[in-house]
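Chemist: Note that the protein sequences, when read in sequence, are chains A and B. Per the working numbering, residue 270 is the first one in the first sequence, and the count goes up by one each step. Per the working numbering, residue 18 is the first one in the second sequence, and the count goes up by one each step. Glycine residues also receive a C-beta, built at the ideal position from the N, C-alpha and C atoms.
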Amino acid sequence: MPKIEISLSDLNGLIGRRLTLNELQDAVLYAKGEIESAERDLVKIDIKDSNRPDLWSAEGIAREIRGRYTTKRGLPTFKVAKGKIVVKVDAKMKNVRPYTVCAVVRKLKIDKDVLSQMIQLQEKVATTFGRNRKEVAIGYYDLDKIKPPIRFTTVKPEGIKFTPLDFDRELTPREILELHPKGREFGSLLKGMGEYPMFIDANGNVLSIPPVINSDVSGRVTEKTKNLYIECSGFNLKFLVPALNVLASALADRGGIVESVIVKYPDRTLVTPDLSPKKSFVDVDYVNQTAGMNLSSREIVELLKKARYDAVAKGKRIEVSYPAYRQDIMHQRDIVEDVIISYGYNKIEPVMPKLATIGGNDSREVMSNKVAKVMVGLGLQEILSYVLSSKANIFAKMNLKETPVVEIENAVSENWSVFRNSILPNLMDFFSVNQHVEYPQAIFEIGITTLPDEKMETKTRDVRKLAAAVADTKVSYEGISSLLDALLSSFGIKYSLQKISHASFIEGRAAEVVVGGRSIGVVGELNPLVLKNWQMEMPVVAFEISLENF
Amino acid sequence: MTEEGKEYLRSGLPEQQLVYALENYPQKSATIGKLVGRVRNFPVALKWALEKGWAMKKGDEVILLKKPDSFDLQDALRKLEKSQEAEKQLIEILLQRQLIEKIVAHKEEARKLAGQEVTFLTPEIIKTGTWEKVRFRPYNVEAVGPKRYPGKRQPYVQFLLEVRQKLVELGFKEMVGPIIETEFWNFDALFQPQNHPARDWAQTYSLKSPKLGELPSQKIVNAVRDAHEKGIAGSTGWQYKWDPRRAMQLMPRAHGTAVSARTLAAGPNIPGKYFSISRCFRPDVIDVTHGVEFNQAEGIVIDESLNFKTLLGILKMFATEIAGAEKVKFLPDYYPFTECSVQLSAKHPELGWIELGGSGIFRDELTYPLGVKVPVLAWGLGIDRLAMFKLNISDIREMFTKDLNWLRKQPIVR
């Protein structure tokens, strides 16, 4: 969900109508936007559609609002003048960064607002739509400082030196990756490559190393720049073409004259950008069936025009044209949504569906709840913990040897790096931070533990468990075994306790809880070593049992 | 004398019975197995007989050593029955073995209290009628009672139970899914392309071990692959090469929608209404609005008759029933797996306008491969905001609080 900043006066200039902030609040809904904050002229808008990069700038938002608030409805058209500038893509690019699409924009009046929107759109498109520059890296250049033709080729890490943006001296590509902040940020995208991608002009001047950094000479765009060269590079034309179309359309809306660039690949030639509209259709019946409304084809055509489509009804089918920057339309449903947005979500009367269904809780939930009621009746306080834990907590502090656990690869913190296999460590953790609180402390938790299990589809098994513990100046095994007995007897469960050795408990004060010949858990008095590991100064008795076969 | 005491007065104390029993055997000895049936309360009998040196135990065999001339405890019981004095030492043992109660002594003490001021009203004072002749010391009845802490449910758990209850009342059936999911159920089945930013390392967790899970039936896998690669049900699809190995990767569930996808694939009831409240995991930076883990309330409604209007109807019902909202507003929204998508904004009587939920109609590209060809409405509710309001907390991390004082003092959520 890209968050973008715009100037309200600039936006109003683009819309061609003065909207107050209040009016804008409703108007941005048509661009799936929500105003996050507004301070004088600066408005922060959250655009919810992460699949519509055209909406991530003042130009795009204004275009959408114009359809609903002014007479400028229907398909927005963009002229592309035929240009002569050639970009030659080297055969070597195939395994490095195979594609680029480019455009020229002339006679652009770049003021503060235009520049800030250009930079913001570049950043948002490359980050969100361009998967953090991997799929789409974007460069803006001052065309007047470039001598075409431009070559898209590769260079050795120790190859040509040039001054990168915001730097005061020339560096080799390798040095850029090591020293420049952008090099350090995006250098990983070039990791393992013998040669790096590079745009070079006819004078041998470097334009940039995509996707890392532009040159400080031609790659610096300011309010003085008149004519602009834009390139998008990456691995897939499916991303690159819409990205370039979004950028070019925005600058066309600013009054720039868009001119095509001839991109010559070893095996083919592309002329970009192509801003001619795309075509599709929508069926009247499908619209009404999906919306639950009864719109005529004429009404649908009008609603589509407000959403910046051109639409012609042909019987029960409506043929539509839509702008080249839209790559989100995969199915009729996508067009239906635009129809309903134009109609207005809040003009539709909600209808409660008449469906005879029977509600119910999951049986394990029901059982957990019954168990919890007994535990509460026995006077214990329920607690709730995270199921993520650490090896230190579930093994070392419990005086247990490590066993296989479900482990996270990209943990945010060591503290939350494995899924718990037992709840008792959570109770110990809870006690350890409440030592200043009045005793006795009697607590329980019912929750999920997760264990590796080869036999399961997800190679893991969730086991619902109950753990209960009492900490006090004086505790007894009998005290905890009687709590356990009260619980199990309440459910009419026949069980026996069988003495075991368990490193978490004092030798001779731990037993397995056996039901139907199978162990369902353990009861005992915590080993002082475990207490020490948790920095506890109170004795603790506890039990933990599985609720799976309760 | 207690009931047990009266019985032993007649038949002798257990250890006495053991002596009698052994006496009847020619060898003056017998196995425990044989004796258990003949002697009342055998373990007690054996304990005392051994202690008094009347018998010895050799393996399983109990052997009579000597029969005492008299049984002083039974004698003492007899004396007491006749209101005669008995030896103080014997009385102590009888009291300890709960064969007599100290009622006689109390009665006398109670009588002595007449005319005095007493603190505690006792059964003896009632039984002897002494209560008519005593004054009761007045208490400071206006003092607040000493603190005690009842057993209680965890407030956030209690809140979730109430949400569950409400959803069940509204006709929703609960669904559950595994905490560890394959990317297939978390993403691919939901028509999220494999290069989608939400699948990025920074946005979702992945597992170090175990690494790969199993994919469902080939039929479902092929249909999902087709939906991604070339489209299905009139869609163009995402047009890229779908990688089954990527889909097999295991990850902690990132959203509850994974559970809905499994329900659809398992052949749901039509009409059907389902919900889940599921623990979800994302590698967020932890702060007042992002916990280590969070719960999502999600669900689906399945029926031929459903459409955008009924989607709004369901959402409005949630706003009224779950949040007690006075007004609702619907805003356009975006999710990769729903189209059309709606954000539900509700006017809470105290919180004002809040973003209550996200929803939409599942894309055909999602439902068709899972075998469901009728409209499916999908919804998610932002219940944590309501929970924080109800629990009167401002930091989301407090939902999983470790503060016992707070838990003890937190009023029960109404």
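Looking only at DSSP bridge pairs, what is LYS357/A linked to?
Modeler: ARG420/A and LYS533/A.
Chemist: Counting only beta-carbon atoms, is ILE339/B nearer than 8 Å to chain A?
Modeler: Not closer than 8 Å to any Cβ of chain A, the Cβ of ILE339/B fails to qualify, so no.
Chemist: Do ARG55/B and ALA72/B count as a contact pair if the criterion is CB distance below 8 Å?
Modeler: Cβ atoms of ALA72/B and ARG55/B: not closer than 8 Å.
Chemist: I need the boundaries of the beta strand (DSSP E) containing ARG296/B, first residue and last residue.
Modeler: Taken as a continuous stretch (DSSP letters only), the beta strand (DSSP E) holding ARG296/B covers 289–297.
Chemist: Is the Cβ-Cβ distance between THR432/A and SER385/A less than 8 Å?
Modeler: Not in contact: THR432/A and SER385/A (Cβ atoms no closer than 8 Å).
Chemist: I'd like to know whether the C-beta of ASN496/A is nearer than 8 Å to at least one C-beta of chain B.
Modeler: So no, ASN496/A is outside the interface.
Chemist: When you compare the CB of VAL810/A with every CB in chain B, is at least one pair closer than 8 Å?
Modeler: Not closer than 8 Å to any Cβ of chain B, the Cβ of VAL810/A fails to qualify, so no.
Chemist: Which runs of the beta strand (DSSP E), 3 residues or longer, sit entirely within the region 277–317 of chain A?
Modeler: Runs of the beta strand (DSSP E) inside the region 277–317 of chain A: 302–308 and 311–316.
Chemist: Which first and last residues belong to the alpha helix (DSSP H) in which SER637/A is found?
Modeler: Run containing SER637/A: 632–646, per the alpha helix (DSSP H) assignment.
Chemist: Out of GLY162/B, LEU229/B, ALA127/B and ARG165/B, which one is the CA nearest neighbour of LYS150/B?
Modeler: Closest option to LYS150/B, Cα to Cα, is ALA127/B.
Chemist: Can you tell me where the alpha helix (DSSP H) holding VAL732/A begins and where it ends?
Modeler: That residue, VAL732/A, is in no alpha helix (DSSP H); its beta strand (DSSP E) goes 729–740.
Chemist: Below 8 Å between beta carbons: does that hold for ALA264/B and LEU224/B?
Modeler: Not closer than 8 Å, so no.
Chemist: Could you give the distance in angstroms between the alpha-carbon of LYS348/A and the alpha-carbon of ILE526/A?
Modeler: Each residue's alpha carbon lies about 8 Å from the other.
Chemist: In the DSSP assignment, the alpha helix (DSSP H) including ARG95/B goes from what residue to what residue?
Modeler: Start and end: 89–98.
Chemist: For the ligand MG, any of its heavy atoms closer than 7 Å to the Cβ of TYR352/B?
Modeler: Within the structure as shown, the ligand MG is missing, as the structure has no ligands at all.
Chemist: Run through DSSP, which three-state label would ARG380/B get?
Modeler: DSSP places ARG380/B in coil when its eight states are reduced to three.
Chemist: If you draw a straight line from the alpha carbon of GLU781/A to that of ILE717/A, how long is it in whole angstroms?
Modeler: In a straight line, the C-alpha of GLU781/A is about 20 Å away from that of ILE717/A.
Chemist: Look at the alpha carbon of ARG443/A and the alpha carbon of ASN474/A, and state the distance between them as a whole number of angstroms.
Modeler: If you take the alpha carbons of ARG443/A and ASN474/A, they lie about 17 Å apart.
Chemist: Could you compute how far the alpha carbon of ARG262/B sits from the alpha carbon of LYS228/B?
Modeler: In a straight line, the C-alpha of ARG262/B is about 11 Å away from that of LYS228/B.
Chemist: Given a cut-off of 8 Å, decide if ILE273/A and VAL297/A are closer than it, judged by their beta-carbon atoms.
Modeler: Result no, Cβ atoms of VAL297/A and ILE273/A do not sit closer than 8 Å.
Chemist: Entirely within the region 544–590 of chain A and at least 3 residues each: give me those beta strand (DSSP E) ranges in chain order.
Modeler: Taking only runs of at least 3 residues, the beta strand (DSSP E) segments lying wholly in the region 544–590 of chain A are 547–552 and 579–583.
Chemist: Counting only C-beta atoms, is THR199/B closer than 8 Å to chain A at any point?
Modeler: Yes, THR199/B lies at the interface with chain A (some Cβ there is under 8 Å from its Cβ).
Chemist: Determine the contact status of LEU207/B and THR274/B, defining contact as a CB-CB distance below 8 Å.
Modeler: Going by C-beta atoms, LEU207/B is nearer than 8 Å to THR274/B.
Chemist: Entirely within the region 180–205 of chain B and at least 3 residues each: give me those beta strand (DSSP E) ranges in chain order.
Modeler: 197–199, all fully within the region 180–205 of chain B.
Chemist: Looking at the C-beta of MET462/A, does it have a partner C-beta in chain B at a distance below 8 Å?
Modeler: Not closer than 8 Å to any Cβ of chain B, the Cβ of MET462/A fails to qualify, so no.
Chemist: Could you tell me if VAL121/B is buried or exposed, where buried requires 16 or more neighbouring beta carbons within 10 angstroms of its beta carbon?
Modeler: Confidence in VAL121/B is poor, its pLDDT being 45 and thus under 50, which makes the residue's placement unreliable; the coordinate value appears in the next sentence. Classification of VAL121/B: exposed, given that the 10 Å Cβ count is below 16.
Chemist: If we ignore side chains and look at the alpha-carbon of each, how far apart do GLU464/A and TYR578/A end up?
Modeler: C-alpha separation (whole angstroms): 45 Å.
Chemist: HIS365/B lies in the beta strand (DSSP E); which residues open and close that run?
Modeler: 355–365 is the span of the beta strand (DSSP E), which, as asked, contains HIS365/B.
Chemist: Is VAL393/B helix, strand or coil by DSSP?
Modeler: Note: VAL393/B maps to strand in three-state DSSP.
Chemist: Between GLU404/A and PHE504/A, is the Cβ-Cβ spacing less than 8 Å?
Modeler: Going by C-beta atoms, GLU404/A is nearer than 8 Å to PHE504/A.
Chemist: Apart from the five residues just before and just after GLU78/B, which ones in its own chain have a Cβ nearer than 7 Å to its Cβ?
Modeler: Contacts found: SER46 and THR48.
Chemist: Can you find a CB in chain A that lies within less than 8 Å of the CB of ILE196/B?
Modeler: Chain A, which has a Cβ nearer than 8 Å to the Cβ of ILE196/B, makes this yes.
Chemist: When the Cα atoms are used, what is the spatial distance from ILE407/A to ASP698/A?
Modeler: Cα to Cα, the separation comes out at about 50 Å.
Chemist: If we count Cβ pairs, one from each stretch, closer than 8 Å, do we get three or more for the region 630–646 of chain A versus the region 339–348 of chain B?
Modeler: Output reads no: the region 339–348 of chain B does not touch the region 630–646 of chain A.
Chemist: Could you name the residues of the same chain whose beta carbon sits closer than 6 Å to that of MET18/B, not counting the 5 residues immediately before and after it, in chain order?
Modeler: Within the same chain, MET18/B has close Cβ partners ILE117.
Chemist: List the endpoints of the continuous alpha helix (DSSP H) containing GLU328/A.
Modeler: 327–338 is the extent of the alpha helix (DSSP H) around GLU328/A.
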